[in-house]
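Engineer:
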DNA sequence: TCCATATTTCGAGGATAGTCGAAATATATG
DNA sequence: CATATATTTCGACTATCCTCGAAATATGGA
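Chains as they are written, first to last, in the numbering used here: chain W, 1 to 114; chain V, 115 to 228.
(1) Check for me: the beta strand (DSSP E) holding residue 189/V runs from which residue to which?
(2) Where residue 9/W and residue 177/V are concerned, what is the direct C-alpha to C-alpha distance, given to the nearest angstrom?
(3) Output needed for residue 133/V: all residues of its chain with C-beta closer than 6 angstroms, excluding positions within five of it in sequence on either side, in chain order.
(4) Checking contacts by CB at 9 angstroms: is residue 118/V closer than that to chain W?
(5) By how many angstroms is the C-alpha of residue 156/V removed from the C-alpha of residue 186/V?
(6) Report, in whole angstroms, the separation of the C-beta atoms of residue 16/W and residue 121/V, which I expect to be a contact under 8 angstroms.
(7) Just tell me which of 139/V, 145/V, 143/V has its CA closest to the CA of residue 152/V.
(8) Less than 9 angstroms between CB atoms is the rule here; does residue 167/V satisfy it with respect to chain W?
(9) Anything in chain V within Cβ reach of residue 58/W, meaning under 7 angstroms, just list it in chain order.
(10) Rank 88/W, 91/W, 83/W by C-alpha distance to the C-alpha of residue 4/W and give the top, closest one.
(11) Run the CB neighbour count on residue 145/V, radius 10 Å, all protein chains shown included, and call it buried at 16 or more, exposed below.
Given below as structure tokens:
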């Protein structure tokens with residue numbers, strides 16, 4: 001991931017409404033959620049949410065597909081993975097022990113049987 | 115980590131200059147870098163950089179200490195760890211296989227002997 | 001076709017963020 | 001103490017972001 005893309009992704013997530021929407025989609029998994037359902041859960045006007053979803057989409061953090069009258073949004077796990085990799089990739093430049101906590105933190109999540 | 119803190123951290127990182135400075139500090143490790151050195155490397159006016167460092171500091175992503183005339187900045191790995199945990203913590207709500215790529219991504223870094 | 005539903009686009013207002021020179025503060029040295 | 005160095009604070013300007021109602025677009029059903 002490049003600096004420009006990373007900044008776009010971080011900017012997209014740096015907003016309470018968008019971050020909430022994104023986490024909601026991450027939880028929703030591959031099925032995703034229709035825009036209207038997200039707006040309802042966040043108690044946000046549809047036009048406001050739409051502009052936020054467009055920002056997440058443009059950053060590559062979400063994808064959308066039409067299903068009838070609804071537009072279903074899903075989280076793009078690949079982009080999220082790339083962002084985390086970018087944030088971590090230089091953590092061991094000088095001292096290997098420094099990034100150990102990061103690795104432990106992600107291991108500690110242990111939410112997925114490998 | 116709470117939503118408010120997460121948004122502050124993501125906002126702090128959502129800027130090319132600040133993200134570059136932060137990664138520089140992560141690489142620099144516990145020794146950190148003086149503000150002037152960071153400004154020189156980023157070719158940024160001292161006053162501009164200072165306001166950016168204040169934002170990173172306020173978000174808890176960096177710490178500072180005085181050493182003579184210089185002020186040394188270091189990355190706060192604990193806050194970074196908390197942020198990553200927050201971003202990942204709900205990734206397995208419905209389908210465990212979804213967050214497997216994240217775990218693999220962090221494992222693949224394998225830059226630190228555990 | 002006509003109407004209801006779902007979502008986006010447009011536009012304008014107010015709010016927030018970024019930039020950087022000048023001045024202020026803190027420290028070291030002669 | 002006087003001067004040089006390192007950094008921050010202040011202030012003002014510009015630019016970008018956020019919000020959301022109204023109108024436009026797309027779809028499904030009677």
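No residue lacks a Cβ here, since even glycine has one placed at the ideal position from N, Cα and C.
Structural biologist: Checking against the coordinates, here is how it stands:
(1) 184 to 189
(2) 25 angstroms
(3) 127
(4) yes
(5) 16 angstroms
(6) 5 angstroms
(7) 139/V
(8) no
(9) Result: empty, since nearest Cβ-Cβ is about 14 angstroms, beyond 7 angstroms.
(10) 83/W
(11) exposed
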